[in-house]
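Residue numbers (our numbering): 157 to 465.
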Ligand SMILES: Nc1nc2c(ncn2[C@@H]2O[C@H](COP(=O)(O)OP(=O)(O)OP(=O)(O)O)[C@@H](O)[C@H]2O)c(=O)[nH]1
Ligand SMILES: [Mg+2]
């Protein structure tokens, strides 16, 4: 299945909500006040957020006036292009993480409980192992009882070595040990799986900051990447999470998981607008193949559906 088909299938829930609202709208024959109000409703309902919705609508009204656009159908392409532009303006949007031979990438996966961190670790490892890269896992979720075992299962499935200590040990110490082991073995990527934590829990966020500090201090020529793993179902709360995590550790990317479940597409636009952090991958299922690099154009097409006329 192509990326587009898979994404489209995955986005069925979002598409329904968006494109059912939108198809009626853009099939209308007048750009009147009722049209703008309805469009506003669909965008806010799709988690675009109030500020951005207002900006989108202002821009569209201006474009319509400037280009003598009088029908919703004629405005559709302008709308589509605007959404693609919004996403594409973020530096490195859609760019997968580098996994280079000779320069180690240390990848810290963070996020709230159950967002899909460990699964994403497994999916990324599977992808890179197939490219012949040497990967290590650090089991830095020392908190949840079955976390280490879960990562070991992914380790076995993908052939990746797992550096772990017992449950309850210091997560930063695990990360430190893993970095030494990965470096000594000449690894290309070290993936550090961390425990899920609510962004509002101060102590847990401090623990995360400590893991980051320890890794940062040990860096040589390595690249340190911090991916926030965000559950798409979160909607507007996803933005609050991203902002809080980014205050504690500077994020270098986002993975949006569970896009195969009911999801609200607008959150991506809101995050791009507010935070300028690139979405690197989209999770579209639980299997090791179900991770795709994010493509803004295809994403918007899948979101909006076919052109209405
Ligand atoms: N449908 C779907 N399920 C996913 C996706 N990513 C992860 N999951 C599922 O979500 C559940 C939680 O995934 P985990 O990877 O354990 O999440 P986590 O962030 O490591 O969880 P904690 O370590 O407890 O914070 C599992 O049942 C995964 O199979 C996805 O893209 N789509
Ligand atoms: Mg986990």
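For each residue, glycine too, the CB sits at the ideal point set by N, CA and C.
Each residue's CA atom was taken as its position, placing residue 444 and residue 282 some 6 Å apart. Counting C-beta pairs with one atom in each stretch, the region 309-320 and the region 249-269 have fewer than three that are closer than 8 Å, which means they do not touch. A contact between stretches requires three or more CB pairs, one per stretch, nearer than 8 Å, and the region 375-382 fails this requirement with the region 425-434. Assignment of beta-bridge partners to residue 262 by DSSP yields 346, 380. Per DSSP, residue 353 lies in no alpha helix (DSSP H) segment and is marked neither H nor E. In the DSSP annotation of this structure, the continuous segment of the beta strand (DSSP E) that includes residue 319 starts and ends at 317-319. Chain-ordered, the residues whose CB falls short of 5 Å from any heavy atom of ligand 2 come out as 273, 274. Residue 274 and residue 190 have their C-alpha atoms spaced approximately 46 Å apart.
Ranked by Cα distance from residue 428, the options 202, 335, 246, 348 are led by 246. Look at the beta carbons and you see the region 332-351 touching the region 359-379: at least three pairs across the two are nearer than 8 Å. Uninterrupted alpha helix (DSSP H) stretches at least 4 residues long and entirely within the region 395-445 occur at 422-431, given in chain order. The C-alpha of residue 291 is placed about 22 Å away from the C-alpha of residue 302.
Across the structure, residue 450 and residue 298 are spaced so that their CA atoms are roughly 31 Å apart.
At least one heavy atom of ligand 1 lies less than 7 Å from the C-beta of residue 416. With a cutoff of 7 Å, residue 369 does not count as near ligand 1, since its C-beta is closer than that to no heavy atom of the ligand. CA-to-CA, the gap between residue 239 and residue 346 works out to about 35 Å.
Taking the CA atoms as reference points, residue 348 sits about 16 Å from residue 361. Contact between residue 437 and residue 425 does not hold, since their C-beta atoms are separated by about 17 Å, which reaches or exceeds 8 Å. Around the C-beta of residue 353, 16 or more other C-beta atoms lie within 10 Å, and the residue is accordingly described as buried. Assignment of residue 254 by DSSP, reduced to helix, strand and coil, places it in the coil class.
Taking C-beta separations shorter than 6 Å and ignoring five residues to either side along the sequence, the partners of residue 394 in its chain run 386, 423, following chain order.
Rounded to the nearest whole angstrom, the C-alpha separation of residue 365 and residue 350 is 12 Å.
Relative to ligand 1, the beta carbon of residue 306 is positioned inside 7 Å of a heavy atom.
Beta-bridge analysis with DSSP links residue 386 to 412. Taken from the Cβ of residue 271, at least one heavy atom of ligand 1 lies inside 7 Å. Straight-line measurement puts the Cα of residue 383 at about 15 Å from the Cα of residue 270. Distances from the CB of residue 294 to the heavy atoms of ligand 1 are all 7 Å or more. Taken atom to atom, the span from the alpha-carbon of residue 213 to that of residue 196 is near 7 Å. Exclusion of the five residues before and after residue 285 leaves 291, 314, 315, 316 as the residues of its chain whose Cβ lies within less than 8 Å of its Cβ. Relative to ligand 1, the beta carbon of residue 303 is positioned inside 7 Å of a heavy atom.
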